[in-house]
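**Student:**
In the working numbering, the protein residues as written are 25 to 288.
#1: Starting from the Cα of residue 31, find the closest Cα among 252, 189, 117 and give me that residue.
#2: Can you tell me the Cα-Cα spacing of residue 145 and residue 197, whole angstroms?
#3: For the beta strand (DSSP E) that contains residue 49, what are its first and last residues?
#4: Taking the runs of the beta strand (DSSP E) that are 3 residues or longer, which of them lie wholly in the stretch 179 to 233?
#5: In terms of residue numbering, what span does the beta strand (DSSP E) encompassing residue 161 cover?
#6: Between the stretch 130 to 138 and the stretch 232 to 252, can you find at least three pairs of beta-carbon atoms closer than 8 Å?
#7: Determine the closest residue to residue 227 out of 29, 168, 175, 33, with distance taken between C-alpha atoms.
#8: To the nearest angstrom, how far is the alpha carbon of residue 115 from that of residue 137?
#9: Select from 61, 161, 141, 177 the residue whose C-alpha is nearest the C-alpha of residue 82.
#10: Counting beta carbon pairs with one atom in the stretch 41 to 59 and one in the stretch 243 to 261, are three or more of them shorter than 8 Å?
#11: Take residue 264 as the anchor and find which of 188, 195, 276, 75 has the nearest alpha-carbon.
#12: Run through DSSP, which three-state label would residue 59 get?
#13: Confirm, please, whether the CB-CB distance from residue 204 to residue 158 is below 8 Å.
#14: Relative to the C-alpha of residue 181, which residue among 262, 247, 79 is closest?
#15: What number of angstroms, rounded off, separates the C-alpha of residue 53 from the C-alpha of residue 72?
#16: Identify, in the order they occur along the chain, each residue of the same chain with its Cβ nearer than 8 Å to the Cβ of residue 165, setting aside the five sequence neighbours on each side.
#17: Tell me residue 251's beta-bridge partners as DSSP assigns them.
#18: Can you tell me the Cα-Cα spacing of residue 163 and residue 272, whole angstroms?
#19: With a Cβ-Cβ cutoff of 8 Å, do residue 60 and residue 125 count as a contact?
#20: Which class does residue 268 belong to by DSSP, given the choice of helix, strand or coil?
#21: Spatial neighbours of residue 179 within its chain, please: C-beta separation below 6 Å, excluding the five flanking residues on both sides.
#22: Please report the distance separating the alpha-carbon of residue 103 from that of residue 281.
#23: Would you call residue 229 buried or exposed, if buried means 16 or more other Cβ atoms sit within 10 Å of its Cβ?
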């Protein structure tokens, strides 16, 4: 799963899955859906950060399985950089963005046409927030942020001309970050793709390379993680059929918090 701070945890396609005509609504009312997603992420993030100050319960993993602190207690605060996007959190972001969109549309058009939709998604956002805090905010004890895109160059090779899509991840032991944004690459005949990772964050020990022939495909190319600072060059055998890229780190623990009233 991606970290909350890795970027938008939901996109316009997620909004359209709930409201297929949302683009028409946005165009008519002069609304930028990307801005609403950004505002939703900011508002949700502020409420999650505030929840870290409240008493709660922690469920954590161990050799004996998931264990609980056993009742509400004052717990150490957590940081947004530790928060992992679990399904309830993603739903909250989607519903919050939809509520903001229909609230804005209703206000701009100065009629009640969009009022029912605003109310519907405001209530769904509250439901998703309650679900998140009841089941617990997913946290990583040692978060690894998503890497920026790698630098791309080429090296002499016998490979034919190629069009590919590349992504990379950071690693630390068995932990692996969410993948970088996809980057399209083209090479001519006699050239091999060469990648250099960006500057690594503290604690990262390696990086993996994923390549696909079509958009959305990302297959592992490194049998073991490369050391930080070591470039990667595509071998003469071409694209390896490794495993698909993962979603990132799973939560090490879940922290609950009491219910509260959410601003609509």
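We put the CB at the ideal spot given by N, CA and C, even for glycine. Note that the structure is a prediction, hence the values are computed from the model and not measured.
**Tutor:** The structure says:
#1: 117
#2: 41 Å
#3: Taken as a continuous stretch (DSSP letters only), residue 49 belongs to no beta strand (DSSP E), being part of the alpha helix (DSSP H) at 46 to 53.
#4: 186 to 196, 207 to 211, 215 to 220
#5: 161 to 163
#6: no
#7: 168
#8: 24 Å
#9: 161
#10: no
#11: 188
#12: helix
#13: no
#14: 262
#15: 30 Å
#16: 106, 276, 277
#17: 230
#18: 12 Å
#19: yes
#20: strand
#21: 216, 218, 257
#22: 15 Å
#23: exposed
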